[in-house]
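All letters in the sequence shown, in the order written, are residues 769 to 1039 by the working numbering. No residue lacks a Cβ here, since even glycine has one placed at the ideal position from N, Cα and C.
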Amino acid sequence: MVRPFLCMALLLLMMTLGTGCSVLDDRRAASFDGDAPTILITGSNRGLGLEFTRQYAAKGWNIIASCRNPSKADALQELADSNEQIAIETLDITSDEQVNALAKRYAGQPIDVLLNNAGIYGTLEKQTLGSFDFEEAKRVFDINSLGSLRVSAAFVDNVLASEQKKIISLGGGMGTQSIGRLFGGHYFMKMSKSAHLMAMGVMQTDLKDTGINIVMISPGRVDTQLMRDSGWTGPSISAEESARHVIERIGLLEPKHNGRLIMYNGTQIPW
Ligand SMILES: NC(=O)c1ccc[n+]([C@@H]2O[C@H](COP(=O)([O-])OP(=O)(O)OC[C@H]3O[C@@H](n4cnc5c(N)ncnc54)[C@H](OP(=O)(O)O)[C@@H]3O)[C@@H](O)[C@H]2O)c1
């Protein structure tokens, strides 16, 4: 009687440890400064996310730098080597399990700025009239539309407990009537960013009496992998420049910006 019970208990223990380990193995603890503000960034291993991490680190912030594969995030690891206020955490924003596990680990930690940065463009051919691939649509939506909502909902209490109380989601211009319908194609990206605007906008309405500020910021045409995936070959700005402007915008946000989409240069885009 005892042996099957022990085996089952051992199996359960291994399953529990196994699930946790994929998250715990890759994490890199930090030493936060209690007097400094704290930011959580998604997709911090490359592109704008890496640049945000670099620039907020230079300002002395505590950073929860999350990404899908920390063990492959060489540039981020290098950054954290010289800054003990950067905690690297595993986070796939499509995973309820990972999002909830991270929120549980940081329960009680005030987060001044939650920066929903992770996003994808999706494969262009698969979102072109005549060759739609709706599995690709689901992938793009899961990341671009549901990802920010999933992460924001999980960390509301952390943001509420902070001084600055800001939830920022990047992008949205392609999801507006004025920009999205200027040219054809790019369906899933445009649709997913429309849904992203609505998700964050409704959340702002839900939380309007809490003091939390939810704002969507368009970083411009930035020279990153995502821009190359879009097929754009026109003028662009560097991730360094874009992040610098976006950080300045975040610092200047006022309640009147709540629920709005603003460009990195401060122009508001109706949506
Ligand atoms: N670049 C532009 O011109 C431009 C314009 C407007 C808006 N934006 C917005 O800016 C944000 C950052 O984009 P970027 O230009 O820096 O693109 P990027 O260089 O391609 O970086 C995208 C980031 O998102 C991460 N990511 C993708 N799927 C993820 C998932 N399921 N879970 C967690 N992370 C995930 C990627 O991680 P992996 O390395 O693991 O894939 C990567 O870190 C996006 O939201 C994008 O929509 C960019």
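heavy atom of ligand 1 below 7 Å from residue i C-beta
i, result
"arginine 836", "yes"
"aspartate 860", "yes"
"asparagine 885", "yes"
"proline 1003", "no"
"glycine 948", "no"
"isoleucine 1015", "no"
"glutamine 1036", "no"
"methionine 984", "no"
"glutamine 993", "yes"
"threonine 891", "no"
"asparagine 868", "no"
"glycine 999", "no"
Buried versus exposed, by CB contacts within 10 Å (16 or more), residue i
i, result
"valine 1014", "buried"
"glutamate 846", "exposed"
"tryptophan 1000", "exposed"
"leucine 792", "Confidence at leucine 792 is low in this model, with a pLDDT of 44, below 50, so its placement is unreliable and the value that follows should be read with caution. By the neighbour-count rule (16 or more Cβ atoms within 10 Å), leucine 792 is not buried but exposed."
"asparagine 885", "buried"
"glycine 948", "buried"
"proline 1023", "exposed"
"methionine 959", "buried"
"aspartate 864", "exposed"
"alanine 855", "buried"
"alanine 826", "exposed"
"arginine 822", "buried"
"phenylalanine 956", "buried"
"phenylalanine 951", "exposed"
"alanine 843", "exposed"
"leucine 917", "buried"
"asparagine 912", "buried"
Beta bridge counterpart(s) of residue i as assigned by DSSP
i, result
"arginine 796", "Ile856"
"methionine 1031", "Ser986"
"asparagine 868", "In DSSP, asparagine 868 forms no bridge with anything."
"leucine 882", "Leu808, Ile935"
Whole-number beta carbon distance between residue j and residue i, since they are thought to touch under 8 Å
i, j, result
"glycine 988", "leucine 965", "So it is not a contact: roughly 17 Å between Cβ atoms."
"isoleucine 936", "isoleucine 980", "Between isoleucine 980 and isoleucine 936 the Cβ distance is about 11 Å, and since that is not below 8 Å, they are no contact."
"leucine 816", "alanine 967", "Incorrect: roughly 20 Å between the Cβ atoms, too far for contact."
"valine 970", "isoleucine 1030", "Contact doesn't hold; Cβ gap of about 18 Å is too wide."
"threonine 848", "arginine 796", "Looking at the sequence shown, residue 848 is not threonine but alanine. So it is a contact: roughly 6 Å between Cβ atoms."
Within-8 Å CB hit, residue i to chain C
i, result
"glutamate 846", "Within the model displayed, chain C is absent; a lone protein chain is all it includes."
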